[in-house]
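**Student:** In case it helps, our numbering puts the sequence shown at residues 1025 to 1300.
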Amino acid sequence: MSAALVFAVFAVTLIAATIFYLFFYRTWRRERELRAPFPAPWRHHLEESVPLYRQLPETLKQTLEQRVQLFLAEKEFYGCDGFEVDDRVRVTIAGHACLLILARPYSDFDEVSSILVYPDAYHVRDIESDGLVVSESHEIRAGEASSRGQVVLAWKECEEAARNRHSSHNVILHEFAHQLDYLDGTADGAPPLSGEQARHWQTSMTHAYEHLRHTLHHHQKPWLDPYGATEPAEFFAVLTEAFFQQPSHLKHEQPEVYAALQGYYRLDPTTLWQDA
């Protein structure tokens, strides 16, 4: 048997094994995971630390629990700077993150592999080079997302989201929105879309983004977090926070944007959330 034929057989075998894992073993493993009852302490953490969970209809509460169950089985959590990651931390983060895929495929988070949790805002040192000049910058961050499937969060900011259901800021929603944005390979403010949905997204989001930048340029105070004007990727993440945290306000101020997000997330929070 020639070397080329051996290589071809090996490549086909590897592809077949990969397909088996992705479409059969992973499905079997997840079905097995969901056969186990949802732990009562985890449900208590959802009730205490994920305010929107309390406002979901019973059927969607069960869906969120299933998403959380898979998330906690598959993602690795790491405490940084001496922070201890316990079940409350894990369930709080998973519960908020999985709101984004409540009506979307769980596979949207397949590429998320690890969550790093700092006790508070953390210091980042960046070094950039253009070939001739090397520059160094220092930033204080509350969270960040990576195309490599890593999410970094400051727990103090996560707790703020857990306490205040109507807060304009939710760092967990924000950073996991970036992960959805990365699904097509780049964080450009547009998750994978096609056809009319993509055209509507492009039109409505571009107009709203330019409106926000125009408002800030003329030194007017927008209702939306000004950080959204940094770049389209941040605009999408900020809008995602508003869609889940302040849906009625967003729908009133930007109905076309709200409709685009409603189509993407397959939810209408203005009618879905129930009074707790």
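For each residue, glycine too, the CB sits at the ideal point set by N, CA and C.
Treat the numbers as computed from the prediction; the structure is a model and nothing was measured.
Which residue from 1073, 1095 and 1067 puts its Cα closest to that of residue 1082?
**Tutor:** Nearest option by C-alpha distance: 1067.
**Student:** Any contact between the stretch 1163 to 1179 and the stretch 1122 to 1138? By contact I mean 3 or more CB pairs, one from each, below 8 Å.
**Tutor:** Because the criterion of three Cβ pairs below 8 Å is met, the stretch 1163 to 1179 and the stretch 1122 to 1138 touch.
**Student:** Just to confirm before moving on: does the CB-CB distance between residue 1127 and residue 1282 stay below 8 Å?
**Tutor:** Taking 8 Å as the Cβ cut-off, residue 1127 and residue 1282 do not qualify as a contacting pair.
**Student:** Classify residue 1194: buried if its beta carbon has 16 or more other beta carbons within 10 angstroms, exposed otherwise.
**Tutor:** Buried is the call here.
**Student:** Quick one: Cα of residue 1240 to Cα of residue 1182, how far?
**Tutor:** Whole-angstrom Cα-Cα distance: 27 Å.
**Student:** Using alpha carbons as the reference points, say which of 1078, 1057, 1060 and 1049 lies closest to residue 1187.
**Tutor:** Closest by alpha carbon: 1078.
**Student:** Which two residues bound the contiguous beta strand (DSSP E) that contains residue 1102?
**Tutor:** Unbroken beta strand (DSSP E) run through residue 1102: 1100 to 1103.
**Student:** Thinking residue 1088 and residue 1122 are a contact (beta carbons under 8 Å), I'd like their distance in whole angstroms, please.
**Tutor:** At roughly 6 Å, the Cβ-Cβ gap stays under 8 Å, so residue 1088 and residue 1122 are in contact.
**Student:** Restricting to runs no shorter than 3 residues, where is the beta strand (DSSP E) found entirely within the stretch 1158 to 1237?
**Tutor:** Complete beta strand (DSSP E) runs here, min 3: 1158 to 1165, 1167 to 1169 and 1174 to 1178.
**Student:** Excluding the 5 residues preceding and the 5 following residue 1084 in the sequence, name in chain order all residues of the same chain whose CB lies nearer than 7 Å to its CB.
**Tutor:** Excluding sequence neighbours, residue 1084 sits near 1126.
**Student:** Residue 1214 to residue 1224, Cα distance in whole Å?
**Tutor:** Using only the alpha carbons, I get a separation of about 11 Å.
**Student:** Under DSSP, the alpha helix (DSSP H) around residue 1070 begins and ends at which residues?
**Tutor:** Here the alpha helix (DSSP H) through residue 1070 covers 1064 to 1073.
**Student:** What would DSSP say about residue 1243, mapped onto helix, strand or coil?
**Tutor:** It is coil, neither helix nor strand.
**Student:** With DSSP as the reference, label residue 1125 as helix, strand or coil.
**Tutor:** Residue state, collapsed to three classes: coil.
**Student:** How many Å lie between residue 1278 and residue 1196 at the Cα?
**Tutor:** Rounded to the nearest angstrom, the two C-alpha atoms are 23 Å apart.
**Student:** Take residue 1116 and list the residues in its own chain whose beta-carbon comes closer than 7 Å to its own, dropping the five residues that flank it on each side.
**Tutor:** Hits under 7 Å: 1069, 1073, 1074, 1182 and 1186.
**Student:** Residues in its own chain within less than 6 Å of residue 1237 by CB, not counting five upstream and five downstream?
**Tutor:** Excluding positions up to five away in sequence, the list reads 1253.
**Student:** Does the Cβ-Cβ distance between residue 1270 and residue 1192 come in under 8 Å?
**Tutor:** Cβ atoms of residue 1270 and residue 1192: closer than 8 Å.
**Student:** Express the C-alpha separation of residue 1267 and residue 1234 in angstroms, rounding to a whole number.
**Tutor:** For residue 1234 and residue 1267, the distance between alpha carbons rounds to 19 Å.
**Student:** May I ask which residues mark the beginning and end of the beta strand (DSSP E) holding residue 1291?
**Tutor:** Taken as a continuous stretch (DSSP letters only), residue 1291 belongs to no beta strand (DSSP E), as it is neither H nor E.
**Student:** Measuring straight from C-alpha to C-alpha, what distance separates residue 1198 and residue 1265?
**Tutor:** Residue 1198 and residue 1265: Cα-Cα distance of roughly 6 Å.
**Student:** According to DSSP, is residue 1136 helix, strand or coil?
**Tutor:** Looking at residue 1136 - three-state DSSP - the assignment turns out to be coil, as it is neither helix nor strand.
**Student:** Can you list, in chain order, the residues of its chain whose CB lies under 6 Å from that of residue 1285, leaving out five sequence neighbours each side?
**Tutor:** Closer than 6 Å at Cβ, skipping near neighbours: 1267.
**Student:** What's the call for residue 1086, buried or exposed, on a 16-neighbour Cβ count within 10 Å?
**Tutor:** So residue 1086 ends up on the exposed side.
**Student:** With C-beta atoms as the reference, is residue 1205 less than 8 Å away from residue 1143?
**Tutor:** Result no, Cβ atoms of residue 1205 and residue 1143 do not sit closer than 8 Å.
**Student:** Rounding to the nearest angstrom, what Cα-Cα distance links residue 1226 and residue 1097 in this structure?
**Tutor:** Whole-angstrom Cα-Cα distance: 36 Å.
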